[in-house]
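The structure appears below as structure tokens.
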Amino acid sequence: MKKIAILFAGLAAALSALPGPSLAADATAPVEEIMTDTQKNWAGDNSDWIDIFGEAMLSRLYSKDFGDKYKAAAQNPAADEDGISPFDYDVIVNGQDACPLQDLSFDRGQPANGATEVTVKFKAATCMEGTPDKDAFTTVRFEVIEENGRAVIDDIMVQGGEGQGPISLKEAMVQIAKGE
207 MKKIAILFAG LAAALSALPG PSLAADATAP VEEIMTDTQK NWAGDNSDWI DIFGEAMLSR
267 LYSKDFGDKY KAAAQNPAAD EDGISPFDYD VIVNGQDACP LQDLSFDRGQ PANGATEVTV
327 KFKAATCMEG TPDKDAFTTV RFEVIEENGR AVIDDIMVQG GEGQGPISLK EAMVQIAKGE
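Residue numbering for the sequence shown follows our numbering, starting at 207 and increasing by one per position.
This is the structure we're talking about:
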């Protein structure tokens, strides 16, 4: 009987080490960190701007492929005038201006094809009087994968302009790196 108990304990330990649903449980962690920093950036308290694509974050919260594409895009001479970011807007709020983020929600999808989609919704324009869509929700989709045993963001899908579908940030970075 003791041998059977040891066998079951060993089997349970082996099964818990297999990849699978564990990513789904951890997939929101890098997204939550990015969104916490984005909330701080737009809190209106004049705190220092947190670069969600800073070197430390790129290597810790994003996939290697995402980081490589970001670095290539940042080398483009047309990158932001500070020479650091290839974007001239906040890719999370999808604009250059925003209010303190309101009604933030996270929805973690089921893992599929090696990735888990984490959808974040929030209101970013509630303080902008006279804006017709000031109470509209902004939706951002994060594709999270497991890399080196950690959940990391592999792509960010932002809403395109009127009549456009979502835009892959990785695809946009490839275009920026090409000078397009």
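Backbone N, C-alpha and C define an ideal beta-carbon position, used for all residues, glycine too.
Is the CB-CB distance between K275 and V380 below 8 Å? yes
How many whole angstroms separate the CB atoms of F312 and V324, which I take to be in contact at a CB cut-off of 8 Å? 6 Å
Residues bridged to D382 [DSSP beta-bridge criterion]: For the record, residue 382 in the displayed sequence is Ile; it is not Asp. Answer is none; I382 lacks a bridge partner.
Expressed to the nearest angstrom, what Euclidean distance is found between the alpha-carbon atoms of A278 and D339? 35 Å
Does the Cβ-Cβ distance between A235 and A357 come in under 8 Å? yes
For the beta strand (DSSP E) containing D254, list its first residue and its last residue. Where D254 is concerned, there is no enclosing beta strand (DSSP E), given that its DSSP letter is neither H nor E.
Quick check on L375: does DSSP put it in helix, strand or coil? helix
Just the C-alpha distance for F328 and V346, rounded to the nearest angstrom, thanks. 9 Å
Please classify S291: is it buried, with 16 or more other beta-carbons within 10 angstroms of its beta-carbon, or exposed? buried
Hey, out of Q370, I382, D360 and V364, whose CA is closest to R266's CA? D360
The alpha helix (DSSP H) with D309 in it runs from where to where? From DSSP, D309 is part of no alpha helix (DSSP H) but of the beta strand (DSSP E) over Q308 to R314.
Need the endpoints of the beta strand (DSSP E) that D360 sits in, please. R356 to Q365
Which residue from E352, G336 and D296 puts its Cα closest to that of A318? E352
Just reading off the beta strand (DSSP E) that V350 is part of, what are its end residues? F343 to E353
If you draw a straight line from the C-alpha of I256 to the C-alpha of G369, how long is it? 31 Å
Which residues does DSSP list as the beta-bridge partners of E323? E349
Three-state secondary structure (DSSP) of A279: helix
Quick one: grab the DSSP three-state call for K340. coil
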